[in-house]
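Trainee:
2 protein chains.
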Amino acid sequence: MVVGSKINSVMVLAGGVGAARFLRGLALVHDQRATTALVNTGDDTVLHGLNISPDIDTVIYTLSEAIDPQRGWGLSNETWRAMESLKRYVDVRPTGSIAAPEWFNLGDQDLATHFYRTARKSEGADASQITSEIARAWKVAQRIVPMTNNVVATFVELAQDCQAGKAGEQISFQEYFVKYQHSVAVRAIYFQGAETAKPNCIDELSRAEVIVIAPSNPIVSIGPIRALTGIDEVLVANRERVVAISPIIGGHALKGPADRMLTELGHESSALGIARLYKSIASTLIIDSVDADLKDAIEREGLRCIVTNTVMSDLKVAGQLAQTTLDSVVR
Amino acid sequence: MVVGSKINSVMVLAGGVGAARFLRGLALVHDQRATTALVNTGDDTVLHGLNISPDIDTVIYTLSEAIDPQRGWGLSNETWRAMESLKRYVDVRPTGSIAAPEWFNLGDQDLATHFYRTARKSEGADASQITSEIARAWKVAQRIVPMTNNVVATFVELAQDCQAGKAGEQISFQEYFVKYQHSVAVRAIYFQGAETAKPNCIDELSRAEVIVIAPSNPIVSIGPIRALTGIDEVLVANRERVVAISPIIGGHALKGPADRMLTELGHESSALGIARLYKSIASTLIIDSVDADLKDAIEREGLRCIVTNTVMSDLKVAGQLAQTTLDSVVR
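Protein sequence lines, in the order shown, are assigned to chains W and Z.
Going by this note's numbering, 262 is the number at position 252 of the first sequence; the sequence numbering is gapless.
Going by this note's numbering, 101 is the number at position 91 of the second sequence; the sequence numbering is gapless.
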């Protein structure tokens, strides 16, 4: 392990793929045992009675180098026998039933993780405990913590009548994201349960020497974490130590619907739009080289702005980005 | 479909493998739409949050010719990737946790059935409805009905201190049957919930022209059905139309622990022992040719006794046994 900084504790607010790749880079340059990822669980869902935590699993599988690099989720060398077999039941499902959902794929090997999570939950273990056990099974040394042990569920409100429903209807995040491939317009986002949920690691967050907002969707990945009572207050109070990495590059998200969603919700789909969303809670924004011309505008919003390569196409870039991120915090 | 008899409705009280093979033979000689299997669900369990009904699935898979013929349970051409992957979690499971049970195998394709059952249950569908949907998915024409829509759970009481626990302790049927491979001595059987559970098809049972007690374990397969309020009363009242097939051949069960269990519980492990268990509810007992010398003793117990080949090693024998069974009921 290369320990390239003298920082003790680093806390990373994390979504799925982008955050996972950042954490993988961070593992190269910072003591993994002094790194905590506080991970979005607003995407969590229950399918076939199984408790599924997509962002947690993406982070753990990525750090364990078990992730499928093409898909960005699930395990490499995966098979899909259970899902293929499930198709048999689509035709016998009564009208109105959502059993045998053919739109949500779970790989045969990946199923074991959901089995374990579900079984432990039924034994009364909380999400933090279960997540730490799963991380240990995958030999992940960084501390992976769900944002809360309570249920918080992200819902999106449809902007107009579409295949997913009528304007004003709310659908679950996984329906939006997976079933409709985030192709339907939304006009509002809700985090059900966020007001009463108790955030995890809030004391550690306030004591962290560096707080990183990973390059994740600001609305539906970082949004649920920020919606938890007390998180934004801690970030504001420690703003000098908070550095964010823009998930928007050249106006677009590398993956997922962040760009469309920002526009639909009245924000600007650009690194500048990200600066405006984060300026109250972060003192520094790291943007990609292709967005260098936005640096001045971002600094006028009151953030320091660092321009570098943020496209984590390989581990080397991810490590460099992580080092730049740690170095950016004035100590 | 060959309809070889003029009987309309046949009701079969069924456990797993033996009953399934009998039903497969019955399908050759009797209108499948006029056949109802009332199937034991005392073996049902929940693993990884999934609702599992072993006997129901064995019956459906067998009738669909999808069963693995060597194992007698589960699907042919099965893979075990999910279970292999689950082993990773055995080492991180805390003391006392029974998550990631390495003793209960679920095949990748078979999982789809448990997913569907679990999802439909969470939608509020009852066991009868779910079972009929699963049977339809497998193109099974016989009517397959769980013995009750309520939860009835079979427990066995340990006869002596052993690897499974101390004498007098109760363990679940699946622990007894699968985890300890029915190698531990038992001294009592309990069907939790049987007293208050409402049996399915009790009216159809009383109207059936032929009632068959399949060659299943009399204690833990037929026992739970008989434990339901009203079932034995209907059988007694219709005893002339009830024919049982002995699951004990030459003193032994072809499969499973019926022989040991009979002895441990103070019965005789023989076709005569079966006669004594069933004589109040059945007028006819069909026994295997190897047990021909027990015919007189069985008839002295007040049962008609038919001697034939009951080892359903192939479909032809199963069909012949089914025909003999139907013919045995005096009409």
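Don't be surprised by glycine CBs; every beta carbon is placed ideally from N, CA and C.
Can you tell me where the alpha helix (DSSP H) holding residue 128 of chain W begins and where it ends?
Mentor: Its alpha helix (DSSP H) spans residues 118–132.
Trainee: With DSSP run on the structure shown, which of helix, strand or coil describes residue 81 of chain W?
Mentor: Of the three classes helix, strand and coil, the one that applies to residue 81 of chain W here is coil, per DSSP.
Trainee: Excluding the five sequence neighbours on either side, which residues of its own chain have a C-beta within less than 8 Å of the C-beta of residue 300 of chain Z, listed in chain order?
Mentor: Cβ neighbours of residue 300 of chain Z beyond the five flanking positions: 259, 260.
Trainee: Any C-beta of chain W sitting closer than 9 Å to the C-beta of residue 118 of chain Z?
Mentor: Yes, because at least one Cβ of chain W sits closer than 9 Å to the Cβ of residue 118 of chain Z.
Trainee: Measure the C-alpha to C-alpha separation of residue 266 of chain Z and residue 191 of chain Z and round it to an integer number of angstroms.
Mentor: Distance between the alpha carbons of residue 266 of chain Z and residue 191 of chain Z: 9 Å.
Trainee: Could you please tell me which residues of the region 123–141 of chain W, in chain order, have their CB closer than 7 Å to any CB of chain Z?
Mentor: If the cut-off is 7 Å between Cβ atoms, the region 123–141 of chain W has 125, 126, 128, 129, 130, 132, 133 near chain Z.
Trainee: Determine the direct distance from the alpha carbon of residue 40 of chain Z to that of residue 326 of chain Z, and round the result to whole angstroms.
Mentor: Each residue's alpha carbon lies about 14 Å from the other.
Trainee: Using the C-alpha atoms, what's the distance from residue 69 of chain Z back to residue 330 of chain Z?
Mentor: Roughly 19 Å separates the two Cα atoms.
Trainee: Grouping DSSP H, G and I as helix and E and B as strand, with all else coil, what is residue 184 of chain W?
Mentor: Helix, per DSSP.
Trainee: Taking 8 Å as the threshold, find out whether the region 223–234 of chain Z comes into contact with the region 25–45 of chain Z through three or more Cβ pairs.
Mentor: They touch, by the three-pair rule.
Trainee: Give the residues of chain Z in contact with residue 102 of chain W, contact being defined as C-beta atoms less than 8 Å apart.
Mentor: Residues of chain Z passing the Cβ test: 143, 144, 146, 147.
Trainee: Who are the Cβ neighbours of residue 100 of chain Z in its own chain at under 8 Å, not counting the five residues just before and after it?
Mentor: Hits under 8 Å: 110, 112.
Trainee: Residues of chain W with a CB under 9 Å from the CB of residue 74 of chain Z: which are they?
Mentor: Simply none; closest approach about 10 Å.
Trainee: Using a C-beta to C-beta distance shorter than 8 Å, which residues of chain W count as neighbours of residue 98 of chain Z?
Mentor: Correct list: 122, 147, 148.
Trainee: Could you list which residues in chain W have their beta carbon closer than 9 Å to that of residue 4 of chain Z, in chain order?
Mentor: Outside the modelled stretch of chain Z, which goes from 11 to 341, sits residue 4 of chain Z, for which no answer is possible.
Trainee: On the DSSP letters alone, give me the boundaries of the beta strand (DSSP E) that residue 163 of chain Z sits inside.
Mentor: Its beta strand (DSSP E) spans residues 163–168.
Trainee: Does the beta carbon of residue 77 of chain Z sit closer than 9 Å to a beta carbon anywhere in chain W?
Mentor: Output row for residue 77 of chain Z: interface = no.
Trainee: If you follow the beta strand (DSSP E) that residue 21 of chain W is in, where does it begin and where does it stop?
Mentor: Its beta strand (DSSP E) spans residues 20–24.
Trainee: Taking only beta carbons into account, state which residues of the region 279–311 of chain Z come closer than 9 Å to chain W, listed in chain order.
Mentor: Under the 9 Å Cβ criterion, the region 279–311 of chain Z contributes no residue.
Trainee: Taking C-beta to C-beta, are residue 55 of chain Z and residue 154 of chain Z nearer than 9 Å?
Mentor: No.
Trainee: May I ask you to verify whether the region 129–140 of chain Z touches the region 62–77 of chain W, counting CB pairs closer than 8 Å and requiring at least 3?
Mentor: Taking 8 Å as the limit for Cβ pairs, the verdict is that the region 62–77 of chain W does not touch the region 129–140 of chain Z.
Trainee: In angstroms, rounded to a whole number, what distance separates the CA positions of residue 36 of chain Z and residue 252 of chain Z?
Mentor: Their Cα atoms are separated by approximately 16 Å.
Trainee: When the distance is taken between beta carbons, is residue 282 of chain Z closer than 9 Å to residue 307 of chain Z?
Mentor: Contact flag set, yes.
Trainee: Could you spell out the range, first to last residue, of the beta strand (DSSP E) harbouring residue 153 of chain W?
Mentor: 153–156 is the extent of the beta strand (DSSP E) around residue 153 of chain W.
Trainee: Opposite residue 314 of chain Z in the DSSP bridges: which residues?
Mentor: According to DSSP, residue 314 of chain Z bridges with Z:294.
Trainee: Cβ of residue 59 of chain Z less than 9 Å from any chain W Cβ?
Mentor: Yes, because at least one Cβ of chain W sits closer than 9 Å to the Cβ of residue 59 of chain Z.
Trainee: With a cut-off of 9 Å, does the C-beta of residue 64 of chain W fall near any C-beta of chain Z?
Mentor: Answer no: the Cβ-Cβ gap between residue 64 of chain W and chain Z never drops below 9 Å.
Trainee: Does residue 95 of chain Z have its Cβ less than 9 Å from a Cβ in chain W?
Mentor: With 9 Å as the cut-off, residue 95 of chain Z counts as an interface residue toward chain W.
Trainee: Are any of the Cβ atoms in chain W nearer than 9 Å to that of residue 188 of chain Z?
Mentor: No, residue 188 of chain Z lies away from the interface with chain W (no Cβ there is under 9 Å from its Cβ).
Trainee: Take residue 11 of chain W and list the residues in its own chain whose beta-carbon comes closer than 6 Å to its own, dropping the five residues that flank it on each side.
Mentor: Only weak support exists for where residue 11 of chain W lies, its pLDDT of 38 falling under 50; the coordinates are left without a value.
Trainee: Check the Cβ-Cβ distances between residue 181 of chain Z and every residue of chain W, and say whether any is below 9 Å.
Mentor: Residue 181 of chain Z does not count as touching chain W.
Trainee: Where does residue 202 of chain W sit, in a helix, a strand or coil, going by DSSP?
Mentor: Three-state DSSP puts residue 202 of chain W in a strand.
Trainee: Could you work out which residues of chain W lie near residue 107 of chain Z, taking near to mean beta carbons separated by less than 7 Å?
Mentor: Chain W residues near residue 107 of chain Z: 130, 133.
Trainee: Using alpha carbons as the reference points, say which of W:86, W:334, W:311 lies closest to residue 317 of chain W.
Mentor: Residue W:334 is the option with its Cα nearest to residue 317 of chain W.
Trainee: Just to confirm the assignment, what range does the alpha helix (DSSP H) spanning residue 69 of chain W have?
Mentor: Counting along the chain, the alpha helix (DSSP H) containing residue 69 of chain W begins and ends at 64–73.
Trainee: Residues in the same chain with beta-carbon distance under 8 Å from residue 217 of chain Z, minus the five sequence neighbours each way, listed in chain order, please.
Mentor: For residue 217 of chain Z, where only same-chain residues beyond five positions count, the Cβ hits under 8 Å are 19.
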